[in-house]
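Structure first, commentary second.
2 protein chains.
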Amino acid sequence: MLPFTVHFRSGVPPYEEIVFAVKKAVVLRQLKPGDPFPSVRKLSQELSLNPNTCQKAVAALTAAGLLEVRPGVGTVVCERPVLSPKERSAALREAIEALVVESRQMGITLSELHEAISEHWKSLGE
Amino acid sequence: MLPFTVHFRSGVPPYEEIVFAVKKAVVLRQLKPGDPFPSVRKLSQELSLNPNTCQKAVAALTAAGLLEVRPGVGTVVCERPVLSPKERSAALREAIEALVVESRQMGITLSELHEAISEHWKSLGE
DNA sequence: TCCAGTGTATTATTCGATCTAATACACTAG
DNA sequence: CTAGTGTATTAGATCGAATAATACACTGGA
Numbered sequence: 000m001l002p003f004t005v006h007f008r009s010g011v012p013p014y015e016e017i018v019f020a021v022k023k024a025v026v027l028r029q030l031k032p033g034d035p036f037p038s039v040r041k042l043s044q045e046l047s048l049n050p051n052t053c054q055k056a057v058a059a060l061t062a063a064g065l066l067e068v069r070p071g072v073g074t075v076v077c078e079r080p081v082l083s084p085k086e087r088s089a090a091l092r093e094a095i096e097a098l099v100v101e102s103r104q105m106g107i108t109l110s111e112l113h114e115a116i117s118e119h120w121k122s123l124g125e
Numbered sequence: 000m001l002p003f004t005v006h007f008r009s010g011v012p013p014y015e016e017i018v019f020a021v022k023k024a025v026v027l028r029q030l031k032p033g034d035p036f037p038s039v040r041k042l043s044q045e046l047s048l049n050p051n052t053c054q055k056a057v058a059a060l061t062a063a064g065l066l067e068v069r070p071g072v073g074t075v076v077c078e079r080p081v082l083s084p085k086e087r088s089a090a091l092r093e094a095i096e097a098l099v100v101e102s103r104q105m106g107i108t109l110s111e112l113h114e115a116i117s118e119h120w121k122s123l124g125e
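Line order of the protein sequences matches chains S and V. In case it helps, numbering that gives the first Met the number 0 puts the first sequence at residues 0 to 125. In case it helps, numbering that gives the first Met the number 0 puts the second sequence at residues 0 to 125.
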């Protein structure tokens, strides 16, 4: 059994789904810093995917700073990366702009958007 | 000259960039309801794209309710589509979840996220 | 009526990303 | 030494997207 759940949707590359599922699992504390991360071969077996596809997901998560690779040993979950507020805002700029434009185009108010975000935030715990 | 600006990025299909650019232009009031929308052939000429690619963008915008087609005449910008609050929230569910997970994974607080969204919101006017 | 300008449909081809497949290699713990 | 790691390489299959060249139905105006 894997320490996270992947939901595959048509139109979205499987390796991207894995990346998102792992990020969500970390947020939900299903994966904690220091936890061992399943091997590429284990992943490919559990998810019925090619090892290369899983390797691509692991590489992306490593580049994003969520996983740390111990050569020859395995992969573990990292401490949360430390970024300055400026870096954090910049990293989310595009996603925020897309969401805001989409929201205003649909006639959603700023209050409604804040409310919807707060709800999702709380649904992930604490 | 087109009534909106498209920013092409590698990795994103050009027709999706057009769709987003038009949505943003409507939000910015650069495109108002009733305004004539450039023809497919005009678009392809100005953007140096194949007519079929522009046609795909027009079709997507029509399906989204932003444009209205007058057969044989041309295309005009629609009135803002009316959706119930429930429909609006549902339409943004995935984008919001992705943003919230990404934010929490990066260690951003709910307050910081609200602040960043408010800033982007105001940068689009009124 | 005729014609130019609309949106739209069709068919075919090219291109790139993705996923799969089968190996191979360097590393580390036991 | 061996089994289990991550990683790299090469190749092929598949799919979506973009391009290309036409063709058609519709509408407004000359």
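Quick reminder that beta carbons are idealized off the backbone N, C-alpha and C, glycines included. Quantities reported herein were computed from a predicted structural model and do not represent experimental measurements.
| Query | Result |
| --- | --- |
| Nearest candidate by alpha-carbon position, reference S:V99, set V:P2, V:G71, V:K23, V:L109 | V:K23 |
| Neighbour-count burial assignment, S:S47, 16 or more Cβ in a 10 Å radius | exposed |
| Length at least 3, wholly inside the stretch 14 to 91 of chain V: the beta strand (DSSP E) runs in chain order | 66 to 69, 73 to 76 |
| Euclidean distance between Cα positions of S:R8 and V:M0 | 39 Å |
| Cutoff 6 Å; reference S:L42; Cβ partners in own chain excluding five residues on either side | C53 |
| Between the CA atoms of V:T74 and V:R103 - distance to the nearest angstrom | 42 Å |
| The stretch 71 to 89 of chain S / the stretch 21 to 39 of chain S touching (three or more Cβ pairs under 8 Å) | yes |
| Where S:G33 meets chain V, residues with beta-carbon distance less than 7 Å | What S:G33 touches in chain V: nothing, since even the nearest Cβ is about 16 Å away. |
| Contacting residues, own chain, Cβ-Cβ under 6 Å from V:E67 (five flanking each side not counted) | V75, C77 |
| S:I17 at chain V interface by Cβ criterion, 9 Å | no |
| Burial state of V:K31, where buried means 16 or more other Cβ atoms lie within 10 Å | exposed |
| Sequence-distant residues of the same chain with beta carbon closer than 6 Å to V:A89, five excluded per side | none |
| V:V21 versus V:V81, V:L60, V:E118, residue with shortest Cα-Cα distance | V:L60 |
| S:R87, buried or exposed, once every other Cβ within 10 Å from all chains shown has been counted against 16 | buried |
| Closer than 9 Å to chain V by CB, S:P13 | no |
| Residue from V:T108, V:N51, V:G106, V:E93 with nearest C-alpha to S:E16 | V:E93 |
| Any chain V beta carbon closer than 9 Å to S:R40 | no |
| Neighbourhood of V:R40 by C-beta, 7 Å cutoff - its chain only, sequence neighbours within 5 removed | P50 |
| Residues near S:I95 by beta carbon distance below 7 Å, same chain, minus five either side | none |
| Rounded straight-line distance, which links the Cα of S:G10 to that of V:S117 | 31 Å |
| S:E114 to V:E111 span [Cα, whole Å] | 15 Å |
| Rounded straight-line distance, which links the Cα of S:Q29 to that of S:P2 | 7 Å |
| Under the three-state DSSP convention, the category V:I116 falls into | helix |
| Beta-carbon gap between S:A56 and S:V25 smaller than 9 Å | no |
| Within-9 Å CB hit, S:L98 to chain V | yes |
| Any chain V beta carbon closer than 9 Å to S:H6 | no |
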